[in-house]
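Structure first, commentary second.
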Amino acid sequence: MGRAGRIEPSGPSPGRRGPVAGESRWAWLFLAPTIIGLAVLSAGPILAAFGISLTKWDMLTPPKVVGLDNYVQLLGDDRFLTALRNTAFYTLVSVPVGLVLALGLATALNQQIQGIAWIRTAYFLPLVTSATAVALVWLWIYSPTGLLNQVLGIFGIPPQRWVADPRLAMPSIIAMSIWQGLPANVIIFLAGLQAIPGEYYDAASVDGANRRSRFRHVTLPLLTPSIFFTGVLALIGAFQVFDQVYVMANPGKPSAATITLVYFIYENGFRNFKMGYASAASWILFLIVAVFTILYFRTQDRWVHYQ
Amino acid sequence: MIARTASGPIERRRPRPGARLLTRRASAYAALIAGGVAMMIPFLWMLSTSLKTRSEVFSSGPVSFPTGLHWENYTKMWFALPDVTFGTFFQNSIVIASLATIGQLITCSMAAYAFAVLQFRFKRVLFALILATLIIPFQVVLVPNFVLYRYLPWPLSESGNWIGTNLPLWVWAFFGGAFGTFLLRQFFLTIPLELADAARVDGASPWQIYRRIYLPLARPALATLAIFQFMWSWNDLLDPLIYLRDLPTYTTTVGLAFFQGQFVGKWPEMMAGALVSLLPMIVLFVIAQKYFVRGIALSGLKG
Chain A
1 MGRAGRIEPS
11 GPSPGRRGPV
21 AGESRWAWLF
31 LAPTIIGLAV
41 LSAGPILAAF
51 GISLTKWDML
61 TPPKVVGLDN
71 YVQLLGDDRF
81 LTALRNTAFY
91 TLVSVPVGLV
101 LALGLATALN
111 QQIQGIAWIR
121 TAYFLPLVTS
131 ATAVALVWLW
141 IYSPTGLLNQ
151 VLGIFGIPPQ
161 RWVADPRLAM
171 PSIIAMSIWQ
181 GLPANVIIFL
191 AGLQAIPGEY
201 YDAASVDGAN
211 RRSRFRHVTL
221 PLLTPSIFFT
231 GVLALIGAFQ
241 VFDQVYVMAN
251 PGKPSAATIT
261 LVYFIYENGF
271 RNFKMGYASA
281 ASWILFLIVA
291 VFTILYFRTQ
301 DRWVHYQ
Chain B
1001 MIARTASGPI
1011 ERRRPRPGAR
1021 LLTRRASAYA
1031 ALIAGGVAMM
1041 IPFLWMLSTS
1051 LKTRSEVFSS
1061 GPVSFPTGLH
1071 WENYTKMWFA
1081 LPDVTFGTFF
1091 QNSIVIASLA
1101 TIGQLITCSM
1111 AAYAFAVLQF
1121 RFKRVLFALI
1131 LATLIIPFQV
1141 VLVPNFVLYR
1151 YLPWPLSESG
1161 NWIGTNLPLW
1171 VWAFFGGAFG
1181 TFLLRQFFLT
1191 IPLELADAAR
1201 VDGASPWQIY
1211 RRIYLPLARP
1221 ALATLAIFQF
1231 MWSWNDLLDP
1241 LIYLRDLPTY
1251 TTTVGLAFFQ
1261 GQFVGKWPEM
1271 MAGALVSLLP
1281 MIVLFVIAQK
1291 YFVRGIALSG
1301 LKG
């Protein structure tokens, strides 16, 4: 498990023999669909998006080149800045809280006891659910007469408006997203925990380490690759939050409290047909994710221990 | 048991470690089960609401159980819309998810085979490029892809192009994918190259080696990819929202979101709808949990 989670361009290349005649021709045949897809559906469109972002275009009349106007306009657009702020808040809260909770849960679930498989199933179930259906259920939980207010009422806490309250809307959505995102992180952590050789713990015990210091000095360092990897996934995923916001904003009209970057892109591109404006916003999203991912990878040497 | 029958005195002299272990184990169980129930609350709440009447929903306390099982919420939900039933949405979702899954299985396994077994120039660069797309937020290509599909002709659609059809939701899958290629390549690398070499000596072409050796051996990894792709397609909201225009073409997720707009406050029916839309995935998960777990652990932990 040593190099767990390290994303590398290429693993050990099977260099056991010289190139075989015609082999590379075969390779390009096998890769043909992928290369077309890369050019037409992902890498190409990223460049195209930048091109479109330099225009004003409603898809009915020909595009008009306006240079960086869209970007300038975005930086003065309150709704965009709000979306940016909301997305940043969502990411900064949901990623660390989600990871810490998942780490604790994975440690708790990493026990060889009878029936653990069934117990794990209960924890893993949110993994397969659509954010749409889940948001609908939580919308009901958060509703004025919903479960949460009823339970809080038992303790004498007055009913809150949750997603309808501008202050509580984003935290409410974050709580739901953490619940839904927990299983995937727990599964990665569990795999990481189970790959730690038992001898390490034995050695630590011989040295007189108690439970806590074993966790601190054995488990945690050896788990850093998994933590790093889930961190990347969570970070990228958090910037893309859309479904929850779309459903909870009933139906598809988020207020300033919950609008996110991807919703902003959707709204401008596919509701208002401002293709250039939406593309500019999506390029900003792209740059933010790229910068954060690169910065995050830079920290790797400082705290990730590969065995 | 054995210790007790063998030597009573010793057992009596130090009963505490066993007892402590037992309490610790019992409290671990209790905590884990309590946590599991807590995680399940949204599901239980959804189920119980879906079986209540509307007046029960608003009058009763939080942990009340329905007075009777009002299954009629499910039929009301199923036939709630005038022209289409919820079954139509289901059908659409199954068609789209199945086609996307087939496409990914074929083209990702082909690319993975090339990366794992064949020698060619630019291999590292190309693989790095594909991995990079794994990190790129796909929303960046939303507008250009929409433009592309807007100009791709399709005689059968009302618009004359791909907008309003389900084509943009699955055709892409026949042109490779980063996650599937990465996952399958990792698995292919564990298959000894001697197998391919031996077959090659016997005169097998790379295609035959791929078809006859690699695909059959990679069945567990293919199952993992299939399950994940099916789930992603089934759960996707943004793309169907953009490309589907008419109610009869909606998938379950868009149908559900539409339903929400139409039936404000009808919680029992809405929860019935949410539950029904989740059911296929829940069943799949209970049957194939190990593939889900393996897929997540494998793609994350076998760099």
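If you read the sequences in order, they're chains A and B. Here our numbering is used: position 292 in the first sequence is 292, and no number is missing along the way. Here our numbering is used: position 248 in the second sequence is 1248, and no number is missing along the way. We treat Cβ as the ideally placed atom computed from N, Cα and C, and that holds for glycine. Quick caveat, the model's predicted, so the values are computed rather than measured.
Beta-carbon gap between residue i and residue j smaller than 7 Å
{"i": "B:P1153", "j": "B:N1145", "result": "no"}
{"i": "A:S177", "j": "A:Q240", "result": "no"}
{"i": "A:G269", "j": "B:V1143", "result": "yes"}
{"i": "A:A184", "j": "A:V95", "result": "no"}
{"i": "A:I196", "j": "B:L1032", "result": "no"}
{"i": "B:P1268", "j": "B:S1050", "result": "yes"}
{"i": "A:D58", "j": "A:F215", "result": "no"}
{"i": "B:I1191", "j": "B:A1199", "result": "no"}
{"i": "B:A1173", "j": "B:I1227", "result": "no"}
{"i": "A:T132", "j": "B:L1081", "result": "no"}
{"i": "B:S1098", "j": "B:W1234", "result": "no"}
{"i": "A:A49", "j": "A:S213", "result": "no"}
{"i": "B:A1100", "j": "B:W1170", "result": "yes"}
{"i": "B:M1039", "j": "A:V128", "result": "no"}
{"i": "A:T87", "j": "A:L261", "result": "yes"}
Option nearest residue i by Cα separation, candidates the options
{"i": "A:M248", "options": "A:I52, A:P171 and A:L101", "result": "A:P171"}
{"i": "A:W138", "options": "B:Q1260, B:V1125, B:M1077 and B:G1103", "result": "B:Q1260"}
{"i": "A:L136", "options": "B:F1122, B:V1286 and B:M1046", "result": "B:M1046"}
{"i": "B:L1131", "options": "B:W1078, B:A1112, B:W1172 and B:P1280", "result": "B:A1112"}
{"i": "A:T61", "options": "A:S130, A:V262, A:M275 and A:S255", "result": "A:M275"}
{"i": "A:T121", "options": "A:S130, A:A131, A:L109 and A:T132", "result": "A:L109"}
{"i": "B:T1181", "options": "B:F1115, B:V1201 and B:F1079", "result": "B:F1115"}
{"i": "B:M1271", "options": "B:L1044, B:F1127 and B:M1039", "result": "B:L1044"}
{"i": "A:G44", "options": "B:V1254, B:T1133, B:P1155 and B:P1216", "result": "B:T1133"}
{"i": "A:Y266", "options": "A:S42, A:G98, A:V151 and A:A83", "result": "A:A83"}
{"i": "A:A106", "options": "A:L220, A:I157 and A:A281", "result": "A:L220"}
Residue i, DSSP secondary structure in three states
{"i": "A:T55", "result": "strand"}
{"i": "B:K1076", "result": "helix"}
{"i": "B:P1192", "result": "coil"}
{"i": "A:N70", "result": "helix"}
{"i": "B:N1166", "result": "coil"}
{"i": "B:S1007", "result": "Its pLDDT being 40, under 50, B:S1007 is placed unreliably by the model, and the measurement read from it follows with that caveat. In this structure, B:S1007 counts as coil in the three-state DSSP scheme."}
{"i": "A:P197", "result": "coil"}
{"i": "A:P144", "result": "coil"}
{"i": "B:P1248", "result": "helix"}
{"i": "B:N1235", "result": "helix"}
{"i": "A:I288", "result": "helix"}
{"i": "B:P1153", "result": "strand"}
{"i": "A:K64", "result": "strand"}
{"i": "B:N1161", "result": "strand"}
{"i": "B:F1228", "result": "helix"}
Short CB-CB distance (under 7 Å) between residue i and chain B
{"i": "A:F228", "result": "no"}
{"i": "A:V128", "result": "yes"}
{"i": "A:M248", "result": "no"}
{"i": "A:Q240", "result": "yes"}
{"i": "A:Y263", "result": "no"}
{"i": "A:G269", "result": "yes"}
{"i": "A:P45", "result": "yes"}
{"i": "A:M275", "result": "yes"}
Buried versus exposed, by CB contacts within 10 Å (16 or more), residue i
{"i": "B:T1075", "result": "exposed"}
{"i": "B:T1251", "result": "buried"}
{"i": "B:T1005", "result": "Confidence is the limiting factor: at B:T1005 the pLDDT is only 39, short of 50, which leaves the residue's position unreliable, though a coordinate-based value still follows. Exposed, since its Cβ has fewer than 16 Cβ neighbours within 10 Å."}
{"i": "A:I52", "result": "buried"}
{"i": "A:G5", "result": "Below a pLDDT of 50, predicted positions are generally treated as unreliable, and A:G5, at 40, falls in that range; the measurement from the model is reported next regardless. The residue in question, A:G5, is buried, as its Cβ has 16 or more Cβ neighbours within 10 Å."}
{"i": "A:V304", "result": "buried"}
{"i": "B:A1026", "result": "exposed"}
{"i": "B:P1168", "result": "buried"}
{"i": "A:G208", "result": "exposed"}
{"i": "B:L1314", "result": "Lying before the first or after the last residue shown, residue 1314 of chain B is absent from chain B, which here runs from 1001 to 1303."}
{"i": "B:F1187", "result": "buried"}
{"i": "B:K957", "result": "The requested residue 957 of chain B is not part of the displayed model; chain B covers only 1001 to 1303."}
{"i": "B:K1052", "result": "buried"}
{"i": "A:W283", "result": "buried"}
{"i": "A:I188", "result": "buried"}
Proximal residues of chain D, C-beta to C-beta of residue i below 9 Å
{"i": "A:I36", "result": "The displayed structure is made up of protein chains A and B, and chain D is not among them."}
Any C-beta of chain A under 7 Å from that of residue i
{"i": "B:S1098", "result": "no"}
{"i": "B:I1296", "result": "yes"}
{"i": "B:G1077", "result": "Sequence check: residue 1077 of chain B is Met here, not Gly. Not one chain A Cβ lies under 7 Å of B:M1077."}
{"i": "B:N1145", "result": "yes"}
{"i": "B:Y1122", "result": "Per the sequence shown, residue 1122 of chain B should be read as Phe rather than Tyr. Chain A contact via Cβ: absent."}
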